[in-house]
Amino acid sequence: MCMMRIEVFLLLVVFVHTTTASIKYEKKIHEHILDDYNIEIRPEPEHGKPVDVHFDVRINKLVKLDVREQTFTITAFTMFKWNDPQLTWNASKFDDIQQITMSADLIWTPDIVLYNTADEVSNSHTDYYKTKAFIQANGDIIWTSPVTWRASCSFDVTWFPVDKQRCRLTFGSWTYTSKQLLLEEWGAHGRESQHGHFSIENGEWNINEITIIPEFIKFPCCPDSYSTLSKEFVLTRRSLYYFLYILLPLISLAFLFLMVFFIPHDSGERMGFGVTILLSITVYLLVISEALPEKSDDKSMLGICFITEFYMLCAALVLSLLTMNLFRRTSQPPKMLVDFYDFFHTKTKLSGQQRGIDKFPLESDGYLHCNVDDSSVEDMALTKRKRKLDTTYGDRSIRTYSEQWQRIAFFLDRVFFFTVLILICIIPVFITSALSRSGLG
């Protein structure tokens, strides 16, 4: 038991001595490399040549792609690596210490910023990177820091909500030209896989591809070019939400609107029903407009289709109002309209009758007699209308004209119903074919 206590005591003594010695040598290293060091002087591994800065941005999370605001926000680990000949030491003289950490404010650091930033206030690179740097004995410096980048990009919403977007984040030095600083890739080259990043899951977007693009950009202000490194992201939208909660309800409302042509003319509910459906569609159109940017560079095909459908249904409501007006007329119908009815009635039987207007049988008692077994719903409506006319008019020709107008109104209701139905079906077919041609469908 006594021997065990002695061994523990000796181990503690050795540990304390080693830790104290390590701290002592690290302090000496700091004093050694910072003696006569100037953070304003750019390191030159070779005289007259630019300093090579290896740079990479590893995505941690796709925060938001705001199509309306034209911004792209991510959180990422930003990594730098360069060599500073002024920050070297002989490890054998300092207890074989190969690496130390140091505040980045005490050494020269590359002023790499995001050129296409969407931040309202422009910040320097020291405002973004707040962590310490790792310094190795040979002068290599590794500096990593988590940063939230918010970039400004131009998005194309033509094929919303099955759109594919591209956004490029361009990084470069703010003050050093390509003759003084070269920005190079660190790690993957050219095209990256999404599996090389930490976590890029997002509920609305998938990152399909990340491409690294080194460039030299020349600005109008300066004679020399600047070394830049861009990361281009290719993203596709997860559109299930829009199909379930916007597109399907809109299409359902459009088909439901067709019922306006089957509501009896005398009920007084036609206009109310149609206006209610149009107001519901307007609400969904407002939801779509809220998701799109306020710009005129490109137009959403979905918005164009549904705006067209909205005005088409407005026109259909006007046509329904027209048939209601015709249904109540008692004057003699124009001969051209009667001939038109007789021709299409014979060919298509859209009015549900087996005889033309001119075949209405009129008996000597002034009443229109119909075969109840062969009559349709329209015949019953005409019979009801006839009884009303009997109490109002004594002239049988007026009753005849009124019944002719009613049959024309029923016929036109069928024509307008099938016309609007065909137009509603053409719209999604058009969208599908257009998407197929563009490669997005």
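Under mature numbering (1 follows the signal peptide of the UniProt record, and there is no 0), the residues of the sequence shown are numbered -21 to -1, 1 to 420, in order. Glycine included, C-beta positions come from ideal geometry on N, C-alpha and C.
Secondary structure of residue i, DSSP reduced to three states
i, result
"Ala295", "helix"
"Ser157", "coil"
"Leu66", "coil"
"Pro193", "strand"
"Ser310", "coil"
"Ala112", "strand"
"Thr57", "strand"
"Asn304", "helix"
"residue 444", "This structure leaves residue 444 out entirely; the chain is present only between -21 and 420."
"Gln332", "A caution first: Gln332 carries a pLDDT of 46, below 50, which makes its placement in the model unreliable, though a value can still be read off. Coil."
"residue 430", "This structure does not reach residue 430, given that the chain is present from -21 up to 420, and the question cannot be answered."
"Phe51", "strand"
"Glu163", "strand"
"Glu273", "coil"
"Ile377", "helix"
"Leu341", "Note on Leu341: pLDDT 39, under 50, position unreliable in the model; the coordinate value appears next. Correct three-state label for Leu341: strand."
Alpha-carbon spacing of residue i relative to residue j, whole angstroms
i, j, result
"Asp98", "Phe252", "49 Å"
"Val399", "Ala295", "7 Å"
"Phe285", "Phe396", "19 Å"
"Ala112", "Tyr16", "16 Å"
"Pro22", "Glu5", "22 Å"
"Arg37", "Phe56", "5 Å"
"Leu44", "Ile20", "39 Å"
"Val239", "Glu211", "51 Å"
"Ile53", "Arg145", "14 Å"
"Ile114", "Asp14", "16 Å"
"Thr80", "Ala70", "15 Å"
"Ser209", "Cys132", "13 Å"
"Asp353", "Arg386", "For Asp353, the pLDDT reaches just 41, beneath the cut-off of 50, and the residue's location in the model is therefore unreliable, although a value from the coordinates is still provided. So the two alpha carbons sit approximately 16 Å from each other."
"Asp245", "Ile377", "19 Å"
"Ile76", "His11", "13 Å"
"Phe319", "Leu391", "11 Å"
"Gln65", "Gly118", "7 Å"
"Met250", "Ser299", "8 Å"
"Leu85", "His9", "10 Å"
"Leu162", "Lys60", "10 Å"
"Ile91", "Ile186", "25 Å"
"Phe73", "Leu214", "51 Å"
"Ser279", "Ala130", "23 Å"
"Phe198", "Ile283", "39 Å"
"Phe134", "Val46", "6 Å"
"Ile18", "Thr105", "13 Å"
"Tyr155", "Pro29", "9 Å"
"Leu258", "Val32", "59 Å"
"Lys314", "Asn304", "18 Å"
"Cys201", "Gly166", "31 Å"
"Trp68", "Ala83", "18 Å"
"Ile192", "Phe34", "12 Å"
"Tyr108", "Val254", "58 Å"
"Tyr205", "Phe139", "36 Å"
"Lys40", "Phe241", "54 Å"
"Pro228", "Glu273", "24 Å"
"Val42", "Gly182", "10 Å"
"Pro243", "Asp277", "44 Å"
"Glu269", "Glu164", "39 Å"
"residue 434", "Phe222", "Here the chain has residues from -21 to 420 only, and residue 434 is not among them."
Element boundaries [beta strand (DSSP E), containing residue i]
i, result
"Pro125", "Asp119 to Ser131"
"Asn20", "The question names Asn, but residue 20 in the sequence shown is Ile. Careful: Ile20 lies outside any beta strand (DSSP E) and carries neither H nor E."
"Ile38", "Val30 to Asp45"
"residue 425", "With the chain represented from -21 up to 420, any question about residue 425 goes unanswered, as that position is not in the structure."
"Phe212", "Tyr205 to Arg216"
8 Å contact criterion, which residue i and residue j should meet: CB distance rounded
i, j, result
"Arg308", "Trp184", "Not quite, the Cβ-Cβ distance comes to about 58 Å (not below 8 Å), so this is no contact."
"Ile260", "Phe289", "6 Å"
"Tyr94", "Phe150", "7 Å"
"Tyr380", "Ser310", "6 Å"
"Asp203", "Lys158", "6 Å"
"Leu160", "Pro89", "6 Å"
"Arg216", "Val136", "Incorrect: roughly 10 Å between the Cβ atoms, too far for contact."
"Thr207", "Glu194", "5 Å"
"Thr123", "Met58", "5 Å"
"Ile225", "Ile267", "7 Å"
"Leu402", "Met291", "6 Å"
Extent of the continuous alpha helix (DSSP H) run through residue i
i, result
"Glu269", "Arg249 to Glu269"
"Ser231", "Leu227 to Phe236"
Cβ of residue i within 8 Å of any chain C Cβ
i, result
"Ile406", "Absent from the structure is chain C; it holds one protein chain and no more."
Original post:
In chain order, which continuous runs of the beta strand (DSSP E) of length 3 or greater are located wholly inside the region 69 to 98?
Top reply: 78 to 82 and 91 to 93
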